[in-house]
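From first to last, the protein sequence lines stand for chains C, A, G and F.
Using the working numbering, the first residue of the first sequence is number 1, and each one after it goes up by one.
Using the working numbering, the first residue of the second sequence is number 1001, and each one after it goes up by one.
Using the working numbering, the first residue of the third sequence is number 2001, and each one after it goes up by one.
Using the working numbering, the first residue of the fourth sequence is number 3001, and each one after it goes up by one.
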Amino acid sequence: MLLGPSLVLSAILFSIGVAGVMLRRNAIILFMCVELMLNAVNLSFVALSTAHGFTGQVMVFFVMTVAAAEAAVGLAIILAIFRHTKSVDLKTMNLLQG
Amino acid sequence: MNPSWIWLTIALPFIGFLVNGALALAKPEAKRVVAIVGPGVLLAAFAVAVGIFAGLWGNPPDQPLVFPLWAWIGAGGLEINLALQVDQLSLVMLLVVTGVGSLIHIFSVGYMVADPGFARFFAYLNLFMVFMLILILGSSLPVLFVGWEGVGLCSYLLIGFWYQEKANADAGKKAFIVNRIGDFGALVAMFILFWSLGTLEFAEIATLAPTTLAVGGATVTAATLFLFLGCAGKSAQIPLYVWLPDAMAGPTPVSALIHAATMVTAGVYLVARTSVLFAMAPLSSAVVAGVGALTAIFAATIGLRQYDIKKVLAYSTVSQLGYMFLGVGSAAYTAGVFHLVTHAFFKALLFLGSGSVIHAMHHAYHATHSHDDAQDIRNMGGLKRYLPTTFILMLLATLAIAGIPPFSGFFSKDEILASAFGRGAEHPIYYLFWALGAAAALLTAFYMMRMMAMTFWGENRTGATEREHLHEAPMVMTGPLIVLGVLSVIGGVINLPAFWPTPPHHGLERWLEPVLAPAARLMPVQIPHGATEYALIGAAILIAVVGLVAGYRTTLAKPITAAQQAPEEVGFAKVLFHKYYIDELYHSLIVRPLVGISRFVLWRFVDQGVIDGAGVNGSAGLMKSLGWLGTRLQSGQLGFYVIVFLVGAVWLLHSVIR
Amino acid sequence: MNPIDMRTPLGIVTAMLPELIVVATSLVVLLLNAWRHRTAADSRLAGQVSLVGLVVALAALAALWSGGATAAGPPHMVALDGYRFAALGVVLVASIGGVLLALDYLEREGMLAPEYYSLLLMATAGMMYLAGAEDLIVLFLGLEVMSVPVYVMAAFNRRNVLSAEAGLKYFLIGAFASAFLLYGIALVYGATGSTALTVIGSATSAQGLPVMAGLGLMLLVIGLGFKVASVPFHMWAPDVYDGAPTPVTAFMATGVKAAGFLALVRVLMVGFPNTIDSWQPALGGLAAASMIVGNLVALTQRSIKRMLAYSSVAHAGYLLAAVWAGSRAGAAATLMYLGSYVLTTIATFGILGVLGRGGERDVTVDSVAGLARRRPWLAFALAVCMFSLLGFPGTFGFVGKWAILSAITAEHHRALAVVLVLTSLVSAGYYLPIVRSMYMKDPVSEASHAQASLPAAARIAVAIGVVLILVFGVAPQPVVTSTVETARAFVGTGLDRVADLRP
Amino acid sequence: MNELLTSIGYNNWILPVLLVVPTAGALVVGLLKAEAAKRVALAVTVIELVLSLGLWVSVDTSSGTMELVRAYRWIPQWGITFALGIDGISLMMVLLTTLLMPLCVLGSFNYITKREPGYYALLLVLTTGMLGVFVAIDMFLFYVFWEVMLIPMYFLIGIWGGKNRLYASLKFFIYTMAGSLLMLVAILAMVRGAAVATGTVSFSYFHLLANAGAPGLVAIAPWLFLAFFLAFAIKVPMFPFHTWLPDAHVEAPTAGSVILASVLLKMGTYGFLRFAIPFFPSVAYSELVQGVVVSLAVIGIVYGALVAMVQPDIKKLVAYSSVSHLGFAMLGIWAATVQGVQGALMVMIGHGFSTGALFFLIGMIYERRHTREIAAFGGIARVVPIFSLILTVVALASIGLPGLNGFIGEFLVLVGSFKTYPIATGIATTGVIFAAAYLLWALQRIIFNRLDKPENETIPDLTVRELVVLAPLLIGIVWMGLYPKPILDKMEPAAKRYIEMARPGQPVEGVTITARAEGAR
């Protein structure tokens, strides 16, 4: 069984995603890192469902749908702000602070 | 008259106070009414007092008669009735206070009639009598304390009677506060007595103290010493005498009534009242006698170099009060009270006499719009031509205070000195006290004669034009003077010593015997007999005569210059003239530091700086600055937010891995 | 009412009636928008329709609750107990408030897009799932169904760059956080073999808490902690609250926070009742941090809107303290405080909405000076809200705080209680100045506050809010009863401790 | 009289009615026009006074325990009832409050010139709050009243106050709240401990009193006491928690200062008597606490007097003098002798009268000259004799002149404390000297000395209305000075009961009886 290794892998992927979110400044990239995190979790779900039955797999489908929805909304919002600032660099987005 | 009418003696002046007070507020110009009511109520009270005295004359009570008015304070074991106590001692005081009081009230009608505050003056004066009588008649320490503080209040109001002058208001305030220092002692004494005896009633103290407390023990000594602190404040003894000379800022009748005849003797009265306790505490008695003797000589020296006629008399009062304490401190309570009585006579006379002198001088200066000091004896001289009656009477009083037989002062002062000398056999220190007393007697005779000489003899220095306006006071003022003159001369009769050819002997002593017996049992009076006694008497007379003659001679030896041209004092005379700089000392050592510390250390530093600044506003500021820090972290940078997020996440995850 | 069998379609429909109504309304509104989306009247119509829908849902909820509906049969994915009903009630009230506040605001600010309401309703549906979820899958779905529309609502004012920035920030970090939550679900699932809270509960009760489950639990706490804006996962909140349109801010501060807390309570007390020691320290820490940071930073804010954002962080701290108690008393206190907080916040933002223009970011303490002279009732209402947020006796806020405090002190761990009262004291430092400015200072100019008057809809919301704050402040009896009752109906043996205030 | 009262069931309804009437009145007053508001407010407070007077006869204080105890259903789940009761001590406090309120209303007629309805409404709300604190015997209820009182006071100072009113009001609010919030935690902890011990959750005063020694609580008793102590010490105010008082006093409008000084401060001492000490006697009388409290009290007495001496502002002077006076009260309370406690109570009442009158007088002269600087006056006794007379009498009362009320309290406190703390009492007694110093000095600079400022030449003397305001206080000052016995008798059982709770096993009467017996032998 590959339960252990695949969990480790998913943890690594998750951490990569986290690192990306932490380090990158481009909204699009950031969003992609989040997607990576989600899919890393999906991996563990799938892996775990081998042990605990299909609930995990069901979960994966939900997650994918949700990710899709988020993608749609997220990109829309990024577009919206792009119209204002002509940039998707988060460094410039600190009008709200203090 | 039945003693149960005693409350009337207080009620009458109180009515007078109400009437005059109302008039003072509503209708100050109604001086005629005031002139009748003011002295009237006092005379009535005196009549009542005489009636009661007559009633008890035949059958003096062996136990004090207590007349409770109503229950005043009640808390736990402390039950205080507002009760009046009639016994031999309080009767003597009653007669003196109401009698002399009435005379002075009458005198005041003439003296104050020109003053716009006439009604207010008599309101205060009546109120003073109310409290003075409560003081005398109170059957327990707290009730006495009511009068004790009340007379202080009235003295405050009367000293500052002409409050438009800051100096007068200051003097009044000084008197009250210095007295308060004494009251502190009185209060503590009451606490000690209550918790050791369980009562503050004089009668019960007298019976309980000997059985409950140890003679010479710490309790009774502490109690009496604190009590004496109170007496020292009220009766102007070292170190609390400083207020009395300033008190002369008040109208002269006030000085006569309050600061000579009645209030200032309250301390002596209190010691006599609690004689049992003092008799049980030899140390305290010695302290009392010592302070008394010291004050007597100290004040007398200052009296040598005063030019304000009232200041001279003020210091002489301080000094005479010292005598009284020397007496009671020597267990000669009768002698103390005796001197209290005679002193009331001649000192009141002297003050009122000085009053009529000032009255005349003031009129003279007023008529000529001169601004010279009407009280400075350097501006007087040769007044006997203009004020013959006053002169004669004041001369009698001077002889009395100097101790020339057969004037009243001779007997009382001699008895005090004799008993002080007598106690010397037991405690040699008393010989020293006696010596001080004797020396003070010499000085007394000297400065009194100096004052008389500068005022009445020699050539007049008032000024040519002013001289025309000098004239004797009206009858309403001289009348009381004459009565007091008679009393000063024959006052000694109430307690003639054994050696005196004619009876009645020891009248006062036998009269007071029931009150003072308990004390006498513990600490008997020791009057030397035989040769010693006569030697002492001889010495006393000699001292008096020398003093008088020397005073007359030295004063009139060289011409005196009027106040304006008077040269600056030099050497020790200057120190005396400035009263040993005691006031300055107190002011710079106590008053100014206290105010300074309060303002700059306590208020500005501790209160506003530390507590409010650092503590209250400081913590508020700290909160704000911490908050400001938070806003800085809120940079708006998503990256940083993520980092904070992760830090939190790591911490949480760590918290479950153990 | 008989127990509802959640296996039959009818049973499910009955049990989920309120949610279904809300979803349906949302779809109806969406459909409506297809034809009517041009004029102010259109968006107003959409608003009214959704209002009706929400009220109907509330009625259905009332019917269920008063019927005392209970579940029959094996574990199911959505809870069917008083606590869920109470939770739904809170959420619905919040979103009704959101609608009432929005009705005239959107028109005024020229955001004529009726979609707003369908988004709001959808988010509400999500909140209801989240608050009632008894299975982690439903929890996740509810969370997302709630979040995604709210991202959009935050960025709803397209003409306003701030609104857009708020939306983006919220979206990015929100997605990031939900990934954590999801990972938490995965780990818990892995550790216990189930996503049903009851099962997890019995499993953890039996075998204690394996590290994997512990990590999962913490990740769940992080995910929800983000939604409720608790320190240190709060950094987004001030910015987003600040940038979003005021009614949206109100909706986020009330609805989202409430749903998050209700879910948190259920997860912890149904899923991990007996391993309380594993999560109490964490929650205590979060609570203390939130109270301290929120209150201190709020102290220095000039803009009232931003100040309220930080104060909402502080209130998250108070609520976390209640959850920390981990007792029925704590659960009851959470409900009660949410009730008071939701009412007060709705009313406050409603008033704030009319005090300024263009997002109300420029409304400061000084700009309300002398409001009491010009608009006495408005000032009175705001003052009541401030005292309620401060937790002052006589207001609902005090009753809530009292409940929290007694829940904490019941745990023989009073440090948190002391922190709570001291930080509340600090909060007086920024709530009172508003009252002071309104009552004790004079208006800046003749013109000031001329336009500060509540439109009808918002007025209803504020009026109801203020009245309830005062009524429940003086006579909290009914609220106390219902919250205590619902909390008692909670499953989970771990809650039966002396800690529960039961007369 | 008593029959009449029982026939109308007075004892059954009086306490709740006393609480309801003012608030109801406030609702009415708030909606009226200025002139009407004044009159109605006055009417309400007078009715309140009349209603409360019946308590003097109807309450049987001989038992020393709570009378007229009524508990109304409120929040049963939390064991909270709307419970009211009254004993000799609270009786006096209630009467003091109800007596002062009409005077405060009447005294404000000219002083308050803006937003009158709100002002009088707040005064009435404040009345409810104050009365509630004194009659509440449910800790929740007590706490609610204790806090609710802050709001009207906050507005009174903040809206109708002086120049620096904003700072003063906020300081007052937060200062007082700081103390009470910790007390809130302590109360809850006590309820919890009692519940663990007995199984019943109840905020009832008696319940907590009975179970304050529960095992769960003994351990944390010092902390609980500390919380109560802070709340009350700030209110008293004890040094060093007093700095809110001068600001609040100076900025508050006359009526506000009067209420602050006469009633609010007493709540602190009342709290010690009623709650803090009876709950935790062993802590309150541990060596440490005794030392700290007594020294703080003595410091307060002397410090307050000295700082008062150098104040340029009359109101500040009086404020610091309050610190000094309340120091006496604290000393007496801790002395736990009948004299001490009775004295403390007399100080509380007496201070209410004399300081209240002082603030009224200051307000009256302020209305005429619009300044409180002592330096701005001098010699006005000639222009305003009646004012000066009354001011002098009141000042003397506050100095503690025998025959006026101030003396009774101070004397009893000092007598009582001397047994327990001789040294401290000795130092405290010096307070009588300083009191004379600062008050007489101020008196001299205000009404005596030369009248050198022309603007003082034309001050009008007191009007009839003002005399009506002052008369009751003056009567009280003299009456309590000459015949305090009835008041003392009313309070004595309660005082003794307090001592039994504070010092279990100590002979209440003190040493006096034994000494008498010895003497008789």
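No residue lacks a Cβ here, since even glycine has one placed at the ideal position from N, Cα and C.
Note that the coordinates shown come from a computational prediction; the quantities given were computed from them, not determined experimentally.
- Message: Just to confirm the assignment: which complete alpha helix (DSSP H) runs, minimum length 4, are found wholly within the stretch 1205-1287 of chain A?
- Response: Whole alpha helix (DSSP H) segments, 4+ residues: 1218-1234, 1243-1246, 1252-1256, 1266-1273, 1275-1280.
- Quick one: grab the DSSP three-state call for A/V1489. The DSSP-derived three-state label of A/V1489 is helix.
- Message: Please report the distance separating the alpha-carbon of F/I3568 from that of A/V1097.
- Response: Past the edges of chain F, shown from 3001 to 3521, lies residue 3568 of chain F, and the structure says nothing about it.
- Nearest-angstrom Cα distance between A/G1621 and F/P3454? Each residue's Cα considered, the two are about 45 Å apart.
- Message: Looking at the secondary structure, which residues open and close the beta strand (DSSP E) in which A/E1079 lies?
- Response: Start and end: 1078-1086.
- Message: Going by DSSP, what residue range makes up the beta strand (DSSP E) through A/V1066?
- Response: Unbroken beta strand (DSSP E) run through A/V1066: 1065-1075.
- Item | CB contact check: G/A2475 to chain C, cutoff 8 Å | Interface residue (Cβ-Cβ distance to chain C less than 8 Å): G/A2475 is not classified as such.
- Query: Would F/F3228 pass as a contact of F/A3186 if the rule is Cβ separation under 8 Å?
  - Reply: In contact: F/F3228 and F/A3186 (Cβ atoms closer than 8 Å).
- Message: At the 8 Å Cβ level, is C/A27 part of the contact set with chain G, yes or no?
- Response: Yes, contact with chain G.
- In whole angstroms, what separates the C-alpha of A/E1472 from that of A/M1523? Using only the alpha carbons, I get a separation of about 50 Å.
- Message: Assess contact between the stretch 1535-1549 of chain A and the stretch 1098-1109 of chain A, defined as three or more Cβ pairs (one per stretch) separated by less than 8 Å. Is contact present?
- Response: Too few Cβ pairs lie closer than 8 Å, so no.
- Message: Against chain A, does C/V88 count as a neighbour if the rule is that its beta carbon must be under 8 Å from one of theirs?
- Response: For C/V88, the answer is no, since every Cβ of chain A falls outside 8 Å of its Cβ.
- In this structure, does DSSP put F/L3068 in helix, strand or coil? DSSP places F/L3068 in strand when its eight states are reduced to three.
- Message: Counting C-beta neighbours from all protein chains within 10 Å, is the total for A/H1366 16 or more, i.e. buried, or is it exposed?
- Response: The residue in question, A/H1366, is exposed, as its Cβ has fewer than 16 Cβ neighbours within 10 Å.
- Message: Please report the distance separating the alpha-carbon of F/V3292 from that of F/Y3320.
- Response: Using only the alpha carbons, I get a separation of about 20 Å.
- Message: Quick check: the Cα distance between A/Q1085 and F/W3479, rounded to an integer number of angstroms?
- Response: Their Cα atoms are separated by approximately 23 Å.
- Is G/W2236 helix, strand or coil when you go by DSSP? In the three-state scheme derived from DSSP, where H, G and I count as helix and E and B as strand, G/W2236 is classed as helix.
- Message: Measuring only the C-alpha atoms, how far is G/L2512 from G/A2133?
- Response: The displayed coordinates of chain G run from 2001 to 2503. Any statement about residue 2512 of chain G would go beyond what the structure contains.
- Message: For G/A2403, which residues in the same chain have their Cβ closer than 8 Å to its Cβ, ignoring the five residues on either side in sequence?
- Response: So the list reads A2322, A2329, A2332, A2333, M2336, Y2337, V2480, T2483, once near-sequence residues are dropped.
- Item | Extent of the continuous beta strand (DSSP E) run through F/L3084 | Start and end: 3080-3086.
- Give the straight-line distance between the Cα atoms of G/G2494 and G/E2115, rounded to the nearest whole angstrom. Confidence at G/G2494 is low in this model, with a pLDDT of 43, below 50, so the placement of that residue should be treated as unreliable; the coordinate-derived value is given next. One C-alpha to the other measures close to 45 Å.
- Query: Are the beta-carbon atoms belonging to F/V3064 and F/G3088 less than 8 Å from one another?
  - Reply: For the sequence presented, residue 3064 of chain F should be read as Gly rather than Val. Cβ atoms of F/G3064 and F/G3088: closer than 8 Å.
- Task: Give the DSSP-derived three-state secondary structure of F/N3405 in the structure shown.
- Result: Residue state, collapsed to three classes: helix.
- Message: Is it buried or exposed, A/N1059, if we count other Cβ atoms within 10 angstroms and call 16 or more buried?
- Response: By the neighbour-count rule (16 or more Cβ atoms within 10 Å), A/N1059 is not buried but exposed.
- Note the first and the last residue of the continuous alpha helix (DSSP H) segment covering C/A68. Note, C/A68: alpha helix (DSSP H), 55-85.
- What's the C-alpha gap between F/F3328 and F/M3348? Straight-line Cα distance between these residues: approximately 9 Å.
- Query: Which of the three DSSP states, helix, strand or coil, is assigned to G/I2173?
  - Reply: Here G/I2173 sits in helix by DSSP.
- Query: Residues of chain G with CB under 8 Å from F/F3082, in chain order?
  - Reply: Chain G residues near F/F3082: none, gap ~10 Å exceeds 8 Å.
- Item | Alpha-carbon spacing of A/D1115 relative to A/N1495, whole angstroms | When rounded, the distance between both Cα atoms is 41 Å.
- Spatial distance of G/V2467 from F/I3299 (CA atoms): Approximately 48 Å, taken between the alpha carbons.
- Task: Mind reading off the beta-carbon distance from G/A2166 to G/A2244? Whole number of angstroms is fine, and I expect it under 8 Å.
- Result: Rounded to whole angstroms, the Cβ separation of G/A2166 and G/A2244 is 5 Å, and the two are in contact under 8 Å.
- Message: Taking DSSP's pairing of strands, which residues face A/E1584 in a bridge?
- Response: Note: A/E1584 sits in no beta bridge, so no partner.
- Task: Return no unless some Cβ of chain A is closer than 8 Å to the Cβ of G/D2362.
- Result: Interface flag for G/D2362 against chain A is unset, since no Cβ pair is found closer than 8 Å.
- What residue range is occupied by the uninterrupted alpha helix (DSSP H) comprising F/I3374? Note, F/I3374: premise wrong, no alpha helix (DSSP H); not H, not E.
- Item | A/R1461 - partner residues in DSSP beta bridges | A/R1461 is bridged by DSSP to nothing; it lacks a bridge partner.
- Message: So, does the stretch 1261-1276 of chain A touch the stretch 1510-1524 of chain A, judging by three or more C-beta pairs under 8 Å?
- Response: Here the stretch 1261-1276 of chain A lies against the stretch 1510-1524 of chain A, with 3 or more beta-carbon pairs under 8 Å apart.
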